[in-house]
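Undergrad: Residue numbers (my numbering): 388 to 657.
1) Just the C-alpha distance for residue 486 and residue 506, rounded to the nearest angstrom, thanks.
2) Between the region 459-468 and the region 495-502, do at least 3 Cβ pairs fall closer than 8 Å?
3) Between 440, 407, 418, which has its C-alpha nearest residue 424's C-alpha?
4) State the beta-bridge partners of residue 615 as determined by DSSP.
5) Would you call the CB atoms of residue 477 and residue 541 closer than 7 Å?
6) So for residue 551, helix, strand or coil by DSSP?
7) Could you name the residues of the same chain whose beta carbon sits closer than 7 Å to that of residue 603, not counting the 5 residues immediately before and after it, in chain order?
8) Leaving out five residues before and five after residue 615 in sequence, what residues of the same chain have Cβ atoms less than 8 Å from its Cβ?
9) Grab me the residues of residue 489's own chain with a C-beta within less than 7 Å of its C-beta, minus the 5 sequence neighbours each way, in chain order.
10) When you compare the CB positions of residue 552 and residue 591, do they come within less than 7 Å of one another, or not?
11) When burial is assigned at 16 or more other CB atoms within 10 Å of the CB, is residue 511 buried or exposed?
12) Which parts of the region 432-485 are runs of the alpha helix (DSSP H), unbroken and 4 residues or longer, counting only runs that do not cross its ends?
Here is the structure:
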């Protein structure tokens, strides 16, 4: 069963590409036609590509790895934050700090700095500071949070990147390519799909279009997480059963040893 359908995508405006003069010829396989100087995306291909990407993302989530969502354009910021949070995945929706992936240890240092500020604020260490010093520290903390966003929770590099608008987020895509991290992305008719591992041809400017695609992929991620949870519960139950069986075995063996001894002690019938 498909995670989306033609009508759903049509209603959300996923088929609207860019002006013909702005197109990238590499997107030709995903273009259905041209209408009034605007390229129209082949939604049958979009349906198939969403399914392909969703299954791969489901597998990543099921394996317990993280997917980093990236969208800093105005119309995608809130949607990406909401959808990523719903499946407990990290996201960047303010500004992509160069080196977020390729210079990950530096990012971890910044996270540590933010955590330390929080700790010192909580234990009262800053109580004796002047208002001016406190204001400076608070500003520094706010700036760190804005730049880091929810990647503060990332303890290791993500297993995949999901991007809305590959042209705007070209630095993030470049870093992921360099590290061999697979890139999933909504790709419009003006973009180059060459460095994208899972291309979802769709309008990356309209809120409804972004939302319908993210609903489908995040639904798949949620399924992967649920399956992981169920598998872990089954493994736990199996381990407990094994443990019980191992404990019961010596008890049965002791009973078996005790039985002949009892027979010997029984008085012989006259």
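Where is the CB? At the ideal position from N, CA and C, for every residue including glycine.
TA: In short, the structure shows the following:
1) Between residue 486 and residue 506, the C-alpha separation is close to 26 Å.
2) With the cut-off at 8 Å, the region 459-468 and the region 495-502 do not touch.
3) Of the listed residues, the one whose Cα sits closest to residue 424 is 407.
4) Residue 615 is not bridged by DSSP to any residue.
5) Their beta carbons are under 7 Å apart, which means residue 477 touches residue 541 by this criterion.
6) The three-state reading of DSSP puts residue 551 in strand, counting E and B together.
7) Correct list, in chain order: 390, 391, 437, 441.
8) For residue 615, where only same-chain residues beyond five positions count, the Cβ hits under 8 Å are 448, 449, 450, 451.
9) These residues qualify, in order along the chain: 562, 565, 566.
10) Contact: yes.
11) With fewer than 16 other Cβ atoms within 10 Å, it is exposed.
12) Here the runs fully enclosed are 461-473.
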